[in-house]
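Residue numbers (the working numbering), protein chains in the order written: chain U, 2 to 341; chain E, 137 to 385. Backbone N, C-alpha and C define an ideal beta-carbon position, used for all residues, glycine too. It should be emphasised that the depicted structure is a prediction, and the values quoted were computed from it without experimental measurement. Data block below; observations after.
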Amino acid sequence: MTGLFHFANLVRAGIRDNALLWMLIAGFALFPIFTHFADLPFWNDVAMRIMLLGMAAMGLNLVLGYGGMVSFGHAAFIGIGAYCVGISQFFGMTNGLFHMFLSIGVCGALGLVIGYLALRTTGIYFIMITLAFAQMLFFLFVSLEQFGGDDGMSIDRADFLVIDLYEPLRLYFLIWVALALVALGLMFIVRSRFGVTLRAIKSNESRVEAMGLVPLHFKITSYVISAVICGLAGTLFASWQEYVSPDIMHWTRSGEIMIIIILGGLGTLAGPLLGAIVFLLLEEFLPLALGAVAPAYAENWMILFGPLLIMVVLFGRGGLIGLLDKAGFARIGKRKMAVK
Amino acid sequence: MPDQVLELRGLNKSFGALTATSNLSLTVMPGEIHALIGPNGAGKTTLIQQIYGALKPDSGQVFLNGRDLTGLSVPERVRAGIGRSFQISNVLMDFTVLENGMIAEAARRGQSFRFLRPAFSDSNLIKGASAILDRVGLLNRAHLPVGDLAHGDRRMLELALALAASPSLLLLDEPMAGAGPDEGQRMTEIIEALRGTVAILLIEHDMDAVFRLADRLTVLVEGSVIAAGTIAEISQNQAVKSAYLGDED
Numbered sequence: 002m003t004g005l006f007h008f009a010n011l012v013r014a015g016i017r018d019n020a021l022l023w024m025l026i027a028g029f030a031l032f033p034i035f036t037h038f039a040d041l042p043f044w045n046d047v048a049m050r051i052m053l054l055g056m057a058a059m060g061l062n063l064v065l066g067y068g069g070m071v072s073f074g075h076a077a078f079i080g081i082g083a084y085c086v087g088i089s090q091f092f093g094m095t096n097g098l099f100h101m102f103l104s105i106g107v108c109g110a111l112g113l114v115i116g117y118l119a120l121r122t123t124g125i126y127f128i129m130i131t132l133a134f135a136q137m138l139f140f141l142f143v144s145l146e147q148f149g150g151d152d153g154m155s156i157d158r159a160d161f162l163v164i165d166l167y168e169p170l171r172l173y174f175l176i177w178v179a180l181a182l183v184a185l186g187l188m189f190i191v192r193s194r195f196g197v198t199l200r201a202i203k204s205n206e207s208r209v210e211a212m213g214l215v216p217l218h219f220k221i222t223s224y225v226i227s228a229v230i231c232g233l234a235g236t237l238f239a240s241w242q243e244y245v246s247p248d249i250m251h252w253t254r255s256g257e258i259m260i261i262i263i264l265g266g267l268g269t270l271a272g273p274l275l276g277a278i279v280f281l282l283l284e285e286f287l288p289l290a291l292g293a294v295a296p297a298y299a300e301n302w303m304i305l306f307g308p309l310l311i312m313v314v315l316f317g318r319g320g321l322i323g324l325l326d327k328a329g330f331a332r333i334g335k336r337k338m339a340v341k
Numbered sequence: 137m138p139d140q141v142l143e144l145r146g147l148n149k150s151f152g153a154l155t156a157t158s159n160l161s162l163t164v165m166p167g168e169i170h171a172l173i174g175p176n177g178a179g180k181t182t183l184i185q186q187i188y189g190a191l192k193p194d195s196g197q198v199f200l201n202g203r204d205l206t207g208l209s210v211p212e213r214v215r216a217g218i219g220r221s222f223q224i225s226n227v228l229m230d231f232t233v234l235e236n237g238m239i240a241e242a243a244r245r246g247q248s249f250r251f252l253r254p255a256f257s258d259s260n261l262i263k264g265a266s267a268i269l270d271r272v273g274l275l276n277r278a279h280l281p282v283g284d285l286a287h288g289d290r291r292m293l294e295l296a297l298a299l300a301a302s303p304s305l306l307l308l309d310e311p312m313a314g315a316g317p318d319e320g321q322r323m324t325e326i327i328e329a330l331r332g333t334v335a336i337l338l339i340e341h342d343m344d345a346v347f348r349l350a351d352r353l354t355v356l357v358e359g360s361v362i363a364a365g366t367i368a369e370i371s372q373n374q375a376v377k378s379a380y381l382g383d384e385d
C-alpha cells in the first residue's frame, strides 16, 4: 500500500528518464508471466523482437541522440552481427559466446573504420556516406553465394554452454540480460564525463575544441560503441529469427531504428525502448484495427501508421517522452542539477 | 627562457587577391594587456585565427613561450596554453552555467575520456567549476540554463571558460561587442583584474575600454602593423591619426 502510494507520488513528480527505462526493462522481465497465464506464447516472440530492435535503437541513439550524428547505416552492424553467427556456424563454430566476441570485434573494427572515414564529413554528407557504407555491405552479402546470397542462410540457435536456447524462454531471458546490460552501460556512459562531453560537442563543437579536446576522438568512440551494441543485437537477432539474409541490413531497417528513436525520444535513455514498444505494437495492431473497421483495406495499415508517426513528431517535439514530459508524467526536458 | 609570451614572426595570409595578413610580427609580454586595433577589414580576427590555429598562415611562425606552434591544431594549441573568446559568444547553450564550467573543468584535468562516474554530481568538478565561475561573478547564476542568461552574462561565461584551463595567453575577440553600457563596464573591470595574471591579446572597438585596459597597442591596417607602442606613443602617431582615428584637426 505504501509502495503504491510512493509510486503515485513518483508519477506525480514526474518519472525520470532512467527510472522509466528500468520500469520498461522490469516489465519485459515480468511479461512472460502474463503471456503464460493469458496463454499467449506468440507474444513472447513479439516482445523479443521489441527488445532486439530497442537494443539496436539504444545503440544508435548514442550517436544520433546524444552525439547529434545522423548515421543512416546502422543496420549494417545489425547485419554483420547476425552474419557472425551464420558464417561461424557455416564453419562449424556453434558457441554463442564465440559469436558474440566475434561480433563485438568485427563490428568494433568496422565501426572504427567507417567512423574514421565518415566522421570527417558532417550533415547531409555524413548521412550519405554512412548509407553508402551500409549499401556496400548489403550488396557484398547479396553476392556471397556460399552464404546463401540473396536467399540468406538458416541458422541454429546458438550454443550457450549449459543454456539450451531451444528450451522455452531461454532465448527470451538471454536477450533480456543483454538488453539490461546495454541499458546499464549506456546509463553510465551518458552521465559520465565522456557522455556529457559528447553532448557538449553536439551543442557546440568549436567550444569543446577551445577546451583543448579533439571532438573527433569522442565521436569515433561513440560510433564504435554504438556499432558494437547494434552488432550484439544482430547476433541475438540471428538466434531469434533462426535465419539471416541481407534483408536484415537493408537500408529500410536503418530508417526503422531511426524512426523508433525519434518516435520514442531522441537523446533520452528510455526513448528508444519506448519507441520500439509503440512502433512494433502499432505494427501488430494497426492491421487488426483497420481490418475490423474496413476489412478490405487491412493491408493498407501503413496509411494510418505514417500520419500517426508524423503527429507524434510534430506535437511531441521530443517524441513520446516529450509528450509524457508535456503531460507532466515525466521530467526529462528540464534537467535538474544534483547539486546543493 | 624567452620573456615574451607570444611572438609572431613574419606572418602572411592571403585569400586569393586579398592580403589579410602581411609580413606581420608582434610580441605580447607576460601579464600585459595588448590591444589590437584597426578599422574593419584590417585583418584582426584573421590574425587571431592564425594564432589560435583555426587558420593556417601562408608563411611565418607563431611562438608561445618560446615553443613553435606553427602546424599545431586548435586543441593542441589550447593545451599549450591559449585560451579564447569568440566574436559571437560561444558557450554550450544546452547546459546550465555550472555544467558549462564542469565540462571545461573535466577537460582541464584531462578527465574527459572517463566513462563510469556521473560527471555532474562529481564534487571535484563542482568545486573547480565554481572557482571558474566565481572569477567572473557568475556563481549566483550557476544553476540557470545558459539559454536564460542575458547576453552580457554569456560573454562572462565565455571568458570564464577561456580562463578555465589557466592559459598563458588569452585571445579576446571583441568581448564588449553587443554589450550594454553596464555590461561593458563590468567586462572591463573583470579584464582589468586579470592584468598581470595572464597575457591578453584584445581586439576591441570600444576605444574607452581600450584606453583604459591596454598596456600596449598595435594598430593594424590592411594586414600590416602601422604602429605599435604605448597609448601615449600611439596617440601621437601621425600615421595612426590619419589612417584610423581620423584627422580631428
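Considering residue i, what are the terminal residues of the alpha helix (DSSP H) in which it resides?
i: Arg208 (chain U); result: 206-210
i: Asp342 (chain E); result: Run containing Asp342 (chain E): none; DSSP gives neither H nor E here.
i: Ser104 (chain U); result: 97-119
i: Ile262 (chain U); result: 252-265
i: Asp46 (chain U); result: 43-62
i: Gly28 (chain U); result: 18-39
i: Ser371 (chain E); result: 367-372
Could you please give me the residues that DSSP links to residue i through a beta bridge?
i: Thr157 (chain E); result: E:Lys149
i: His170 (chain E); result: E:Leu337, E:Arg352
i: Glu294 (chain E); result: BP columns for Glu294 (chain E) are empty, so no partner.
i: Thr163 (chain E); result: E:Glu143
i: Phe161 (chain U); result: U:Ile164
i: Asp204 (chain E); result: E:Phe199
i: Val245 (chain U); result: U:Met154
i: Ala331 (chain U); result: U:Ile16
i: Asp309 (chain E); result: E:Ile339
Can you grab the Cα-Cα spacing for the pair residue i / residue j, in whole Å?
i: Pro216 (chain U); j: Phe161 (chain U); result: 39 Å
i: Trp241 (chain U); j: Asp151 (chain U); result: 20 Å
i: Ile249 (chain U); j: Ile156 (chain U); result: 14 Å
i: Phe219 (chain U); j: Phe140 (chain U); result: 30 Å
i: Ala364 (chain E); j: Pro211 (chain E); result: 30 Å
i: Asn1 (chain U); j: Asp46 (chain U); result: Beyond the ends of chain U as shown, which are 2 and 341, falls residue 1 (chain U); an answer cannot be given.
i: Val64 (chain U); j: Ile260 (chain U); result: 14 Å
i: Ser209 (chain E); j: Ile202 (chain U); result: 17 Å
i: Asn276 (chain E); j: Gly316 (chain E); result: 20 Å
i: Met343 (chain E); j: Thr324 (chain E); result: 12 Å
i: Ile339 (chain E); j: Leu349 (chain E); result: 11 Å
i: Leu261 (chain E); j: Leu282 (chain U); result: 43 Å
i: Asn148 (chain E); j: Leu321 (chain U); result: 55 Å
i: Leu388 (chain U); j: Leu270 (chain U); result: The requested residue 388 (chain U) does not occur in the structure, where chain U is confined to residues 2 to 341.
For a contact defined as C-beta to C-beta under 9 Å, what are the partners of residue i on chain U?
i: Asp289 (chain E); result: By Cβ distance, chain U contributes nothing, its closest Cβ being about 16 Å from Asp289 (chain E), past 9 Å.
i: Phe231 (chain E); result: Val197, Arg200, Ala201, Ser204, Arg336
i: Leu297 (chain E); result: Arg208, Ala211, Met212
List the endpoints of the continuous beta strand (DSSP E) containing residue i.
i: Arg352 (chain E); result: 352-357
i: Ser195 (chain E); result: 195-200
i: Ile218 (chain E); result: 218-221
i: Leu321 (chain U); result: Looking at the DSSP string, Leu321 (chain U) is not in any beta strand (DSSP E); the run it does join, the alpha helix (DSSP H), is 320-327.
i: Gly332 (chain E); result: No beta strand (DSSP E) holds Gly332 (chain E); DSSP gives it neither H nor E.
Below 8 Å on C-beta distance, what does residue i contact in chain E?
i: Glu210 (chain U); result: Val210, Pro211, Val214
i: Arg192 (chain U); result: Pro254, Ala255, Phe256
i: Val215 (chain U); result: Ser209, Pro211
Could you check if residue i is buried or exposed, using at least 16 other CB atoms within 10 Å of its CB as the buried criterion?
i: Met24 (chain U); result: exposed
i: Gln185 (chain E); result: buried
i: Met137 (chain E); result: Below a pLDDT of 50, predicted positions are generally treated as unreliable, and Met137 (chain E), at 46, falls in that range; no measurement from the model is reported.
i: Val334 (chain E); result: buried
i: Lys335 (chain U); result: Because the pLDDT of Lys335 (chain U) is 48, which lies under 50, any placement of that residue in the model is unreliable, and the number read from its coordinates should be weighed accordingly. Lys335 (chain U) should be labelled exposed.
i: Met56 (chain U); result: buried
i: Ile311 (chain U); result: exposed
i: Ser223 (chain U); result: buried
i: Lys337 (chain U); result: Residue placement at Lys337 (chain U) is flagged as unreliable, the pLDDT there being 39, under the threshold of 50; the coordinate-derived value follows with that caveat. By the neighbour-count rule (16 or more Cβ atoms within 10 Å), Lys337 (chain U) is not buried but exposed.
i: Asp284 (chain E); result: exposed
i: Met2 (chain U); result: With a pLDDT of 46 at Met2 (chain U), under the threshold of 50, the predicted position of this residue should be treated as unreliable, and no value is reported.
i: Ile125 (chain U); result: exposed
i: Ala331 (chain U); result: buried
i: Ile268 (chain E); result: buried
Chain U partners of residue i, CB-CB under 7 Å?
i: Ala156 (chain E); result: By Cβ distance, chain U contributes nothing, its closest Cβ being about 20 Å from Ala156 (chain E), past 7 Å.
i: Met292 (chain E); result: Chain U residues near Met292 (chain E): none, gap ~15 Å exceeds 7 Å.
I'd like to confirm something about residue i: is its beta-carbon nearer than 7 Å to some heavy atom of the ligand ADP, or not?
i: Ala76 (chain U); result: The ligand ADP is absent from the structure shown, which contains no ligands of any kind.
What residues from chain E crowd round residue i, counting only those whose CB sits closer than 9 Å?
i: Ser207 (chain U); result: Ala190, Val210, Phe222, Asn226
Cβ closer than 8 Å: which chain U residues qualify as neighbours of residue i?
i: Gln247 (chain E); result: Arg194
Using the beta-carbon of each residue, which ones in chain E are nearer than 7 Å to residue i?
i: Thr189 (chain U); result: Note that residue 189 (chain U) is Phe in the sequence shown, not Thr. Going along chain E in sequence order, the residues near Phe189 (chain U) (Cβ under 7 Å) are Phe251, Leu252.
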